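Q:
2 protein chains.
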Amino acid sequence: MKDLKLSVGIDIGGTNTKLGLVNTNGNLIKRVNFSTNPLLRFSDYQALLTNALEELIQGFENSDVLGVGLGVPGANGNTGSIPEAANIPFLSEVPLKNVLESAWKLPVFVAKDANAAALGEMLFGSAKGMQNFILLTLGTGLGSGLVLNGKIVSGSNGLAAEYGHSLLVKNGRWCNCGQRGCFETYVSATGLKRTALSLMAKSNQYSIMREIAPNDLDALKIAEAGEAGDELAKKAIEKTAYWLGSKMVDLVVLTDPEAIILAGGLTNIGDYFLSLTKVTFEEKLLPMFKGMVKVKYSSLGSDEAAILGAASLPMNA
Amino acid sequence: MKDLKLSVGIDIGGTNTKLGLVNTNGNLIKRVNFSTNPLLRFSDYQALLTNALEELIQGFENSDVLGVGLGVPGANGNTGSIPEAANIPFLSEVPLKNVLESAWKLPVFVAKDANAAALGEMLFGSAKGMQNFILLTLGTGLGSGLVLNGKIVSGSNGLAAEYGHSLLVKNGRWCNCGQRGCFETYVSATGLKRTALSLMAKSNQYSIMREIAPNDLDALKIAEAGEAGDELAKKAIEKTAYWLGSKMVDLVVLTDPEAIILAGGLTNIGDYFLSLTKVTFEEKLLPMFKGMVKVKYSSLGSDEAAILGAASLPMNA
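These protein sequence lines are chains A and B, in that order.
Our numbering numbers the first residue of the first sequence as 1 and each following residue consecutively.
Our numbering numbers the first residue of the second sequence as 1001 and each following residue consecutively.
(1) Spell out a yes or no on whether the region 118-138 of chain A and the region 294-312 of chain A are touching, meaning 3 or more CB-CB pairs, one atom from each, closer than 8 Å.
(2) Please decide whether A:A160 counts as near chain B, where near means a Cβ-Cβ distance under 9 Å.
(3) Just to confirm, is the Cβ distance from A:L70 to A:V110 under 9 Å?
(4) Between the C-alpha atoms of B:V1249 and B:K1296, what's the straight-line distance to the nearest angstrom?
(5) Residues in the region 247-262 of chain A with C-beta within 9 Å of chain B's C-beta atoms, listed in sequence order?
(6) In three-state DSSP terms, what is A:I237?
(7) By the three-class DSSP mapping on this structure, what secondary structure does A:I57 have?
(8) By the DSSP assignment, the alpha helix (DSSP H) with B:A1310 in it spans what residues?
(9) Looking only at its chain, what residues have a beta carbon closer than 6 Å to the beta carbon of B:A1241, apart from the 5 residues adjacent to it on each side?
(10) If you measure from the beta carbon of A:M200 to each beta carbon in chain B, is any gap under 9 Å?
(11) With DSSP as the reference, label A:R173 as helix, strand or coil.
(12) Could you have a look at A:T15 and say whether DSSP puts it in helix, strand or coil?
(13) For A:T137, does the three-state DSSP call read helix, strand or coil?
(14) Using the three-state DSSP reduction, which class does A:L286 fall into: helix, strand or coil?
(15) By the criterion of Cβ-Cβ separation under 7 Å, what are the contact partners of B:Y1186 in chain A?
(16) Along the region 282-300 of chain A, what residues have a CB closer than 7 Å to any CB found in chain B?
(17) How far does the beta strand (DSSP E) with A:S144 in it extend, from its first residue to its last?
(18) Under 9 Å between beta-carbons, which chain A residues line up against B:Y1163? List them in chain order, please.
(19) Can you give the Cα-Cα distance for B:D1218 and B:V1253, rounded to whole angstroms?
(20) Buried or exposed for B:Y1045, please, with buried defined as at least 16 other CB atoms from any protein chain shown within 10 angstroms of its CB.
(21) Within 10 Å of its beta-carbon, does A:A317 have 16 or more other beta-carbons around it, so buried, or fewer, so exposed?
(22) CB-CB under 8 Å to A:N16, same chain, minus the five flanking residues each way: which ones, in chain order?
(23) Under the DSSP definition of a beta bridge, which residues are partnered with B:R1006?
(24) Leaving aside the five residues before and after B:V1108 along the sequence, list all residues of the same chain whose C-beta is less than 6 Å from its C-beta, in chain order.
(25) Output needed for B:L1136: all residues of its chain with C-beta closer than 6 Å, excluding positions within five of it in sequence on either side, in chain order.
(26) So what does DSSP say about B:E1101, is it helix, strand or coil?
(27) Have a look at A:P214, A:L39 and A:L285 and flag the residue whose alpha-carbon is nearest the alpha-carbon of B:E1167.
(28) Along the chain, where does the beta strand (DSSP E) that runs through A:I331 open and close?
(29) Cβ of A:L146 less than 9 Å from any chain B Cβ?
(30) Measure from the C-beta of B:P1083 to each C-beta in chain A and report whether the shortest distance is under 9 Å.
(31) What separation, rounded to the nearest whole angstrom, lies between the Cα atoms of A:S246 and B:G1150?
(32) Would you kindly work out how many angstroms separate the C-alpha atoms of A:L251 and A:K221, rounded to a whole number?
(33) Report back the beta-carbon spacing between B:L1159 and B:N1076 to the nearest angstrom; my notes put them in contact at under 8 Å.
(34) In this structure, how does DSSP classify A:A75 when only helix, strand and coil are distinguished?
(35) Is the beta carbon of B:G1226 sitting closer than 9 Å to the one on B:E1184?
(36) Pull up the distance between the alpha-carbon of A:C177 and that of A:P38, whole angstroms please.
As structure tokens, then:
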């Protein structure tokens, strides 16, 4: 039997760099990780990345490797460079695609992390076979990936899908981007935490969360508190689901997607959050869209999703 | 010299049905109009439409007619039918594409009016040659057409681009769709009028507009009042431009378009409205998008735009 074609997916984050060898069935065959040291110069990072790549494909020299896909926050999918890599300073303004392609003699594809993840969902995950869907990754921030007419929407400058910075609340919370009221300041793992803090400020109501230092609070702990009957935690989750469900409606009237896929740390809250989100969403949809749009969690393991997404880039080229 | 290929564009509205013969350079060669009687049965309307089509192509029997494109409010571009034709009851649930194609023995294309208009802008108008742009038609309501990756976004059910019903103001004005605060209740010719009325209600400030019956007030009259120094009229225009500029920002972070094209009755206000809109828009854009997105009026005559858009459908097939 002939070997399946293989693809390398690389997820470059501010903390870790994760490489994976993936076959065209979406199986992650082998992994190599190393920690991203943000103080490096790019040339040193490139050497580490090349070593890791060699280790990854060792033993697969006779396989047909389609190429290397990189998912990078803030990447410009049209140019293959990273205009502003806030958490990974050594990547800023590096023409990543060109540099790595000429060094590695392999086709290299670079995309914004959320766009790569959306492609992964289309090939292997919850959006398998769909031509029109939206992925929202609810983690530290809110990432968004759009697939319309079967293609990733990267925009005229490669900058599309920054929907985390759309407006949710006029004069609302400050965002790292310098604006106020951005969607991601409310709907993300960080947003949920801010909502919990805001609720703790607004009343003196008892809450287990008052025993946890804000830096130690996360979506999972808030979910556990809620499950244990903590009223403030439940309220924080309910508000977050309400904001998400309301804003998703705007995406539907614009793009009429088959599904909206949710991924990232906030989805660790589980079915409670998903069903609350669906209730608001269905209630606020225009009649013509009611019951038409699937809302579901990513079926890809959160640790693997980014690698699978990046590995999808060469497969979809 | 060989004749250019021709295409028939039909703009079906609640008041008039307009047909035009258009060449591939976007020249409107011949027109036929008749008034749409909403009380007709579909079979009678079809007979009128067929007569008008025959009159239109009379004398062009030897030309190469690519097909007939129809732009219809509320049309489903995927099925070629009109699920709910609010103002044209006899079209409801008629499988328009199939019926006309088998009657006329010509390729027939049906699209939502705003989507057809967007295609017209791409082939002949302000978005000529662009692969990624958004058209907003600001008339009685607010229509929207998206072109991304060079293709009309019609969505998974053919229902995309109802952005007039996205949320602008929570618990805001009632919309015909049954919801509150929809974008089009503020930003459209009708929205401007409502804003003028609301301002007249809020104060007793002098305004020429108080001499005009609300049913006689329109965007042009409000613009004239503003030009004559009417403070309330100016304020109504300023607020409308502010709402439009703010909401356009959300479209940009999602889709990174090359341009946003504005058309429809509200644009009759002219440069004053356009420049105010641009000021808010640029001010609220994320830094990475500042200065990157063109905002301009449609260059197609408002009377011709709908016909040219519909005629574009067979040309782009």
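For each residue, glycine too, the CB sits at the ideal point set by N, CA and C.
Predicted model only: the values in this text are computed from it and were never measured.
A: So, from the data block:
(1) yes
(2) The count along the first sequence starts at 1 and reaches residue 160 of chain A at position 160. At a cut-off of 9 Å between C-beta atoms, A:A160 counts as an interface residue with respect to chain B.
(3) Residue mapping note: residue 70 of chain A aligns to position 70 of the first sequence, counting from 1. Residue mapping note: residue 110 of chain A aligns to position 110 of the first sequence, counting from 1. Cβ distance < 9 Å, so A:L70 and A:V110 count as in contact.
(4) Stepping through the second sequence from its first residue, residue 1249 of chain B is reached at position 249. Stepping through the second sequence from its first residue, residue 1296 of chain B is reached at position 296. Roughly 15 Å between the two C-alpha positions.
(5) K247, V249, D250, L251, V252, V253, L254, T255, D256, P257, E258 and A259
(6) In the first sequence, the residue the question calls residue 237 of chain A occupies position 237. Helix at A:I237.
(7) As a first step, residue 57 of chain A must be located in the first sequence, where it is residue number 57. A:I57: helix per DSSP, three-state reduction.
(8) Here residue 1310 of chain B refers to the residue found at position 310 of the second sequence. Counting along the chain, the alpha helix (DSSP H) containing B:A1310 begins and ends at S1302 to M1315.
(9) Along the second sequence, one-based indexing puts residue 1241 of chain B at 241. Excluding sequence neighbours, B:A1241 sits near F1273, L1276 and T1277.
(10) Locating residue 200 of chain A in the first sequence gives position 200, where the first residue counts as 1. Not an interface residue.
(11) Translated into the one-based positions of the first sequence, residue 173 of chain A becomes position 173. A:R173: coil per DSSP, three-state reduction.
(12) As a first step, residue 15 of chain A must be located in the first sequence, where it is residue number 15. In the structure shown, A:T15 sits in coil (DSSP, three-state: anything other than H, G, I, E or B).
(13) Locating residue 137 of chain A in the first sequence gives position 137, counting from the first residue. Correct three-state label for A:T137: strand.
(14) As a working note, residue 286 of chain A is residue 286 in the first sequence. A:L286 falls in the coil class under three-state DSSP.
(15) In the second sequence, the residue the question calls residue 1186 of chain B occupies position 186. Identification of chain A residues near B:Y1186 by a Cβ-Cβ cut-off of 7 Å yields none; the smallest Cβ-Cβ distance measures about 13 Å.
(16) L286, M288, F289 and M292
(17) Position 144 of the first sequence, counting from 1, holds the residue named residue 144 of chain A. Where A:S144 is concerned, the enclosing beta strand (DSSP E) stretches over L142 to L148.
(18) Here residue 1163 of chain B refers to the residue found at position 163 of the second sequence. Near B:Y1163 (Cβ distances below 9 Å), the residues of chain A are D250, V253 and L254.
(19) Counted from its first residue, the second sequence places residue 1218 of chain B at position 218. Counted from its first residue, the second sequence places residue 1253 of chain B at position 253. Each residue's Cα considered, the two are about 32 Å apart.
(20) Taking the first residue of the second sequence as position 1, residue 1045 of chain B is located at position 45. It is buried - the Cβ of B:Y1045 has at least 16 other Cβ atoms within 10 Å.
(21) The residue labelled residue 317 of chain A in the question sits at position 317 within the first sequence. Burial state of A:A317 is exposed, judged by a 10 Å Cβ sphere holding fewer than 16 other Cβ atoms.
(22) Within the first sequence, numbered from 1, the residue matching residue 16 of chain A stands at position 16. So the qualifying residues of the chain are N33, F34, S35 and T36.
(23) As a position in the second sequence, residue 1006 of chain B is number 6, starting the count at 1. A quick correction: the sequence has Leu, not Arg, at residue 1006 of chain B. Beta-bridge pairing links B:L1006 to B:N1023 and B:V1065.
(24) In the second sequence, the residue the question calls residue 1108 of chain B occupies position 108. Correct list, in chain order: V1068, K1097, L1100 and E1101.
(25) Along the second sequence, read from residue 1 onward, the residue named residue 1136 of chain B stands at position 136. S1144 and L1262, listed in sequence order.
(26) Within the second sequence, residue 1101 of chain B is the residue found at index 101, counting from 1. Of the three classes helix, strand and coil, the one that applies to B:E1101 here is helix, per DSSP.
(27) In the second sequence, counting from the first residue as 1, residue 1167 of chain B sits at position 167. Checking the sequence, you will find Leu at residue 1167 of chain B rather than Glu. Per the Cα distances, A:L285.
(28) Here chain A comprises residues numbered 1 to 317, so residue 331 of chain A is not present and cannot be evaluated.
(29) Stepping through the first sequence from its first residue, residue 146 of chain A is reached at position 146. Interface residue, yes.
(30) The count along the second sequence starts at 1 and reaches residue 1083 of chain B at position 83. Contact with chain A is found for B:P1083, since one of that chain's Cβ atoms lies less than 9 Å from the residue's Cβ.
(31) Reading the first sequence from its first residue, position 246 is the one you call residue 246 of chain A. Reading the second sequence from its first residue, position 150 is the one you call residue 1150 of chain B. Computed Cα separation, rounded: 29 Å.
(32) The count along the first sequence starts at 1 and reaches residue 251 of chain A at position 251. The count along the first sequence starts at 1 and reaches residue 221 of chain A at position 221. Using only the alpha carbons, I get a separation of about 30 Å.
(33) Position 159 of the second sequence, counted from the first residue, corresponds to residue 1159 of chain B. Position 76 of the second sequence, counted from the first residue, corresponds to residue 1076 of chain B. Confirmed, about 6 Å.
(34) The residue labelled residue 75 of chain A in the question sits at position 75 within the first sequence. Coil, per DSSP.
(35) Translated into the one-based positions of the second sequence, residue 1226 of chain B becomes position 226. Translated into the one-based positions of the second sequence, residue 1184 of chain B becomes position 184. It is not a contact, given that the beta carbons lie outside the stated cut-off.
(36) Mapped onto the first sequence, residue 177 of chain A falls at position 177. Mapped onto the first sequence, residue 38 of chain A falls at position 38. Computed Cα separation, rounded: 20 Å.
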